[in-house]
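Below is one structure; the comments refer to it alone.
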Amino acid sequence: MTQTLPETTTTRESVVGKPVDRVDGTAKTTGEARFTAEFSHPDLTHAALVHATVSRGRITAIDTSAASAVPGVVTVLTHHNAPALKSPRKVTPTDLSTMASGTSVNYLNTDEVHWDGQPIAVVVAESALAAREAAALVRVTYETAESTVDFTAEEPAAKPQKNNLVMQGSAKKGDAEAAFTAAPVKVDRRFTTPPLHHNAIEPHATLAVWDGDRLTVHDATQSIDWLRSHLALRFGIPTRSVRVIAPFVGGGFGGKGFIWAGTILTALAARATGRPVRLVLTRESVYRTVGGRTPSTQRVALGARTDGTLTSLIHTSVTRLGRVGGTPEAVTSQSKHLYAAENILVRQNLVELDLVSNAAMRAPGEAIGTFALEASIDELAYELGMDPIELRMHNEPERNPIDGKQFARRHLREAYRVGAERFGWADRTPEPRSMRDGRWLVGMGVASAFHPSMLFVANVVVRLSVDGTVLVHCGLQEMGMGSATVQAQVAADALGVPVESVRVEYGDSTLPMAPGAGGSMQTASVANSLLAACEKLERKLTKLGRSPQESPAAVLAREGLPSLEVSVGSDTRLGRMAGQLRFMSKFLMDQRRWMKAALGAHFCEVRVDPDTGEVRVSRWTASFDVGRVLNAKTATSQLKGGIVMGIGMALAEQTLIDPRNGRIMNPSLAEYHVPVHADIPPIDITYLDEPDPTMPLGLVGIGEVSITGVAGAIANAIHHATGKRIRDLPITLDKLL
Amino acid sequence: MAEVRLRVNGADHPLDIQPQVSLLDALREHLGLTGTKKGCDQGACGACTVLADGERINSCLALAVQYEGAEITTIEGIDHPLQAAFVRHDGFQCGYCTSGQICSAVGMLAEHKEGMPSAVTGQGSGSHLSGAEIRERMSGNLCRCGAYNGIVEAIQEVAG
Amino acid sequence: MRTFSYVRAPDVETALRTIATEPNAKFLGGGTNLVDLMRENIERPDVVVDISRLPLTGIDELPGGGVRIGALVRNSSLAAHPLVRTRYPVVSQAVLGGASAQLRNMATVGGNLLQRTRCLYFYDEASACNKREPGSGCSALGGFTRNHGVLGVSDHCIAAHPSDLCVALAALDAEVEVESTRGTRRIPLTEFHHLPGSTPHVETALAPDELVTSVELPAPVTTRSRYRKVRDRASYAFALVSVAAALEVRDDTVTAARLALGGVAPKPWRATEAERVLLGAPATEESFRSAAEAELASATSQDGNDFKIELARRTIVATLRDLLTDRSAA
Ligand SMILES: Cc1cc2nc3c(=O)[nH]c(=O)nc-3n(C[C@H](O)[C@H](O)[C@H](O)COP(=O)(O)OP(=O)(O)OC[C@H]3O[C@@H](n4cnc5c(N)ncnc54)[C@H](O)[C@@H]3O)c2cc1C
Ligand code: SF4
Ligand code: FES
Ligand code: FES
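Residue numbers (our numbering), protein chains in the order written: chain B, 1 to 737; chain Y, 1001 to 1160; chain W, 2001 to 2330.
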């Protein structure tokens, strides 16, 4: 892959935006790419988890004799014999890694049970098979305590979410309730969405090796850096004594962003046994120990004048946290930004349940919030007798509706125009049940997509060698977004070198710190620093008297330098802290000034079987306003991926938590229905490619925006096909009978 | 323990393993052939797809002992135009389902050639491997990254 | 998974002898259900008798127009066989509607008959289940029942049989041939599976030492047959409701009807009530509707599967309508 002949001139075409093939394409299509579970170590042992089967209480006895007797078992760790762990710290703004703790439970250091599924013992054995066999033989008796696990029953008692620096629990403009009462045209609807799980095909896995007080972990993580700090804290060792390695991660979608029991317990087991331990979670263990998306109930009330002008927009939500942790979802976030309503009220409420903490899952908040908002807008359009796109365009704001801030960039109108034309929206007859194809009822629906854009600190080191190669060092994570590929494109353009000569090394905490792969911010954040580094390098080259036509390598050759290195950001403890503080203040200032978001318009066509209610998505066009696109190929894939996940959420996905005892009953890919090939039609993606003037290279994150609006578009299309409004996800066929 | 001879990618491998060991674990843990992935261990995702005597199977629900004597082909033993086509059409993101998708597609193309019908055969597509045919026939391979379009395009290109 | 010993049976006789002498042994066909359940600790055999190499893999024409299918014929071979596709399209379609191509390449006919329920509580060791542990109770009652039955269920168990193939076989009057060291016998498929009553752990008429050797289909009453499966996604999911139907119509009157339902009962459900209504009735949507009503009249449901009663009615009507109008199925 590395080009050896240095080029001598720099006149070349830009590669940013081009559909460059992934740099790891061959590794992934030949089976060479190694994921966490595929690393080994001499003297390796294997672990398996034992889960609590009550939702709250205390362990009164734990009998490990049968388990210990299984041939090959090294030890069975319980709260009786496990080494001490420090408790996770409360979230503090000066150390953002404190946000990474999955739960507050100090695993195996307590006899308390906080949810059905909490790991209460770990078996370590010479083989994974023996560990699993033994885990099934651990017998536990509990003294149970009363628990609250039923979201539907508890939801009416939800409490308002408090505002903090990062997230608003409520916001208002004007008097939305009064405006709603006075509005001549209105809709007031209640929506529900179920708990969901990420279900990355790669299950969580960890391999932990101690060398004295130094810990090395291979982990399927989305956040190398946070994991490193977290492990250091829990084991009471300096951060520099921990190394985290994650070259390839088999999908995360938020599920690998926090640090969950499996990772911590693997390191704990390795410490206890003095041997390297590997734990690959079973699919069931993933469900029981890793949080998923919270369920929600939502109310959207819209008031409008007869011409369609929104006078009132009210959006309230209830979601849940675990009593042991979790973060609120910004369910009403988009409702502050999408429509120029004269009065706005949003409020988020929370309940705490005895379940594992909820976790961020692709576009936490907006994925489900846009469902309720966009379905309500469609209902209002029908009340008004207006085309749903026309209603949206009529209320398209000039400034951020909630606070009048300037938009950094907003081309939603254009996105709708382009999308409508590609999709053939004009051919739609608005009357429900008016379109058919043979026996199938055909329906078309639209919805807007919205996700806020952010940046984070990223440190990079760039080294130019005299052979013309450029090495980028950055501790970023690659879960399939094509990060290494797109950053190579950024460096290639910035330095005027061929993309093949750039190599990006990532996925290791010994590399400069980068943000986790979450919040759709990794690409822009890293590109931001990478650009700065490349500029630094250019300046150095200029100092060395580089002439305009001279290639970077030629300068080094002329000067007799083997290489030239620059860095952005400092990876010392103080440097990192300073970086974070600098970032926080910049972030807050920037936030005060601009409203930045990725936006889009979804167009979908569904077919509904009038006999059975089966729904098939038959066509999809999505038109995005996502700033500059770095790589047409990987960006399109990522945007499609969100739509596929959204189709699953709209039509089939649901984690079944038994309200009687808080136990997840479908911890299986056979019974939790993610979309299969046959569910997904060809998806037409288009984007405007208008750079965001306030972001590095004009980039806006694209990892999450495309799942937002999907469920709304489908619900709207189903209404168009059948005349039925289904406000509870998933829209399974029984709801259409 | 049982003495088992597995034939994988054209080579014989004598193994001393317990009868509980799945073909998937035998490949990954005992033979170091980690290209084949474990997504569920429940027969529900297809990440573990390999070819046994040319036919695609889920190696997680196969006991290794049962496949003694069968010609097993894993991704490491595959050299097929599909692989480059997957890269061209971006038929993956994280790459975790990819080995299974490719092995499955290789098996699927052979099945189709031999006249194996599918649940959508006869619904207007004739013997041509239409998009609908590919999607139904590949539905045993989940991709949570949602790279389905690229996978189907890659297969279509190779199937001609 | 518990430790077990593995025996590969080279011939039927050895298989029968081994199973007769080992008190806690299980046959291994394709393994797609047994291995899954062993891994979940629900099946815990001491001995696994691998029968996958027994020479029971033929699909042979019988005098009189029937077909005999070896118990170890793989699902995919069954679906692809020309005799099956032309004479019993419903069988081919039922198989192709089930599981995935990979699983169909592994699964055998015998194993498909004996696969166990997908009841979520049956699969969960921590839940009470009368089928897994007689007398422990049924957690499904009051729980998630989307994939549970509405016909033939009892207070002790409401689990549904998950097979697609069996539904087609039930419609076609198939017979199961079984063999043990005591001899050979034949069981009509409709009597092969038991209703739960108060003994949901007794699932079939098969004795623990008996081997299914083949399934025989009599000559079809008509080749106009089809399988319709309704589920929660487009492929690779178990049936919520399925219908296997064969219909012969002369002068707009039904002269022969075979109907069975899947996903709605603890066994593949031969819809005899519906057949009675259909026979001799005018081949109209109205007759189809009354037939469906008649069959579902005895249905009982839980909150989570109440929709299946109406869904089953509609799917019956839709399938019969399709058979009536679709000439290509003739
Ligand atoms: C994810 C998933 C999805 C699926 N979806 C579907 C679906 O949609 N529709 C459907 O119908 N099925 C489905 N299946 C089930 C699949 O069809 C069955 O697992 C399969 O048919 C069982 O056949 P087998 O040969 O693998 O049986 P095995 O697993 O080998 O055996 C199953 C049982 O039958 C016994 N047995 C096997 N052969 C004989 C014999 N000859 N005589 C006596 N006893 C015998 C075994 O002892 C065991 O108890 C699915 C399975 C999975 C894992
Ligand atoms: S329905 Fe039957 S299988 Fe399910 S829990 Fe009840 S007794 Fe067990
Ligand atoms: S790992 Fe075998 S099907 Fe999922
Ligand atoms: S590429 Fe990630 S699961 Fe398919």
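Using N, Cα and C, we set each Cβ at its ideal position, and we do this for glycine too.
Please read all numbers here as calculations on a predicted model, not as lab measurements.
For Tyr-2121 (chain W), no chain Y residue has a Cβ inside 9 angstroms of its Cβ, as the nearest lies near 17 angstroms away. As computed with DSSP, His-473 (chain B) is found in a beta bridge with B:Val-461, B:Glu-505. At a beta-carbon threshold of 8 angstroms, the residues of chain Y lying near Thr-2032 (chain W) are Gly-1043, Asn-1058, Leu-1061, ordered along the chain. In this structure, DSSP gives Ser-2225 (chain W) an extended state, which the three-state scheme calls strand. According to the DSSP secondary-structure assignment, Ala-2237 (chain W) is paired through a beta bridge with no residue. The residue among W:Glu-2043, W:Arg-2182, W:Ser-2287 with its C-alpha nearest the C-alpha of Ala-2020 (chain W) is W:Arg-2182. Within chain B, the residues placing a beta-carbon under 9 angstroms from that of Met-2001 (chain W) are Leu-129, Arg-132, Glu-133, Ala-136, ordered along the chain. The region 351-386 of chain B contains, as complete alpha helix (DSSP H) runs of 4+ residues, the segments 366-384 (chain order). Beta-bridge pairing by DSSP links Ile-680 (chain B) to no other residue. DSSP places Lys-724 (chain B) in the coil class of the three-state scheme, outside both helix and strand.
Membership of Asn-1058 (chain Y) in the beta strand (DSSP E) is indicated by the continuous run 1055-1058. By the neighbour-count criterion, in which 16 or more other beta carbons inside 10 Å mark a residue as buried, Leu-108 (chain B) falls on the buried side. In this structure, DSSP gives Gln-348 (chain B) an extended state, which the three-state scheme calls strand.
Annotated three-state conformation of Phe-253 (chain B) is coil, per DSSP. Minimum Cα-Cα distance from Ala-492 (chain B) among the listed residues B:Thr-216, B:Gln-118, B:Asn-631 corresponds to B:Asn-631. Distances between the C-beta of Ile-2042 (chain W) and the heavy atoms of ligand 2 are all 6 angstroms or more. The residue among B:Asp-734, B:Ser-357, B:Ile-707 with its C-alpha nearest the C-alpha of Ile-643 (chain B) is B:Ile-707. Contact note: Gly-2142 (chain W) reaches chain B through Arg-660, using a C-beta cutoff of 8 angstroms and chain order. By alpha-carbon distance to Ala-269 (chain B), the top candidate from B:Val-209, B:Cys-534, B:Ala-367, B:Val-244 is B:Val-209. When secondary structure is reduced to three states using DSSP, Gln-298 (chain B) falls in the strand class. Under the 8 angstroms Cβ criterion, the region 593-605 of chain B does not count as touching the region 651-670 of chain B, having fewer than three qualifying pairs. DSSP places Gly-2149 (chain W) in the coil class of the three-state scheme, outside both helix and strand. In the DSSP assignment, Arg-619 (chain B) falls within the unbroken beta strand (DSSP E) covering 615-625.
At the C-beta level, Pro-2200 (chain W) and Cys-2157 (chain W) come within 7 angstroms of one another. Counting only the Cα atoms, Glu-2022 (chain W) lies some 48 angstroms from Tyr-1148 (chain Y). Straight-line spacing of the CA atoms in Val-674 (chain B) and Ser-2298 (chain W) works out to 34 angstroms. Against chain B, a Cβ distance below 7 angstroms from Tyr-1148 (chain Y) picks out Val-644, His-677, Ile-680. Spanning the alpha carbons of Met-649 (chain B) and Leu-697 (chain B) requires a straight line of approximately 33 angstroms. With respect to the 7 angstroms criterion, Ser-453 (chain B) and Gly-701 (chain B) are classified as neighbours on the basis of their beta carbons.
In the DSSP assignment, Arg-2104 (chain W) forms no beta bridge with any residue. Excluding the 5 residues flanking it on each side, Arg-503 (chain B) has same chain C-beta neighbours closer than 6 angstroms at Leu-471, in chain order. Note on geometry: alpha-carbon atoms of Asp-1053 (chain Y) and Pro-682 (chain B) lie some 33 angstroms from one another. Against chain B, the CB of Thr-1121 (chain Y) has no partner CB under 7 angstroms away; the residue lies outside that interface. Listed by position along chain Y, the residues whose Cβ is nearer than 8 angstroms to that of Arg-422 (chain B) form an empty set, because the closest Cβ is around 16 angstroms away.
Restricting attention to alpha helix (DSSP H) runs no shorter than 4 residues, the region 2158-2238 of chain W encloses them at 2165-2171, 2189-2192, ordered along the chain.
Distance from the CA of Phe-407 (chain B) to the CA of Ala-557 (chain B), rounded to the nearest whole angstrom, comes to 47 angstroms.
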